[in-house]
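Worksheet: one structure, shown below.
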Amino acid sequence: LLGVGSGVSFIIATIGGIVAWQNWGGPTALANGGFADYAWVFIVEFALIALAAVGLLIAKKSQYISSAVAFIVGVHFFWLAPVFQDPWLHVLAAWVTLASIVPLFIYKKVGISLVTLTCTMVAIPLFVFALRGLLIALF
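Quick note, my numbering runs 48 ahead of the 1-based positions in the sequence shown.
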């Protein structure tokens, strides 16, 4: 199953790369000041992730780093929705944020490591939205 997912992801990434290359000079949502907003979101996100990771390492709670990173990534999509003028990013933000929290409560019950469960649950909405983006670009 992992191999199939990897293969499908590779195909989608390849098609996405070709579409991006063909439209490289076209207008983007980051024009007209959007890039500055995007850069600030990235800087804040990076800083928060670094602080969370270091804090969790110091507290000897490294098993929670993936959940913290996923939570911050989920929240950052709320900030990016207006930058990219895409209200669907709010859906992605809620889905990823929820997928970062749920594993904290169920990983012991289902017998899967927190890191594995968090990454799997977060990968699903990211994959769905990557596919959505590709379909929008193609059609």
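All residues carry an ideal CB built from backbone N, CA and C; glycine is no exception.
| Item | Value |
| --- | --- |
| Using only alpha-carbon positions, find the residue among Ile91, Asp85 and Ile120 that is nearest to Ala101. | Ile120 |
| Just the Cα atoms here: how many angstroms apart are Asn80 and Pro130? | 13 Å |
| Grouping DSSP H, G and I as helix and E and B as strand, with all else coil, what is Ser161? | coil |
| Along the chain, where does the alpha helix (DSSP H) that runs through Leu104 open and close? | Gly82 to Ile106 |
| Output needed for Tyr86: all residues of its chain with C-beta closer than 6 Å, excluding positions within five of it in sequence on either side, in chain order. | Leu78 and Val131 |
| In terms of residues, what are the limits of the alpha helix (DSSP H) holding Pro130? | Ile113 to Phe132 |
| Near Ser110, what residues of its chain come up, given a Cβ to Cβ distance below 7 Å and the 5 sequence neighbours on each side ignored? | Leu104 |
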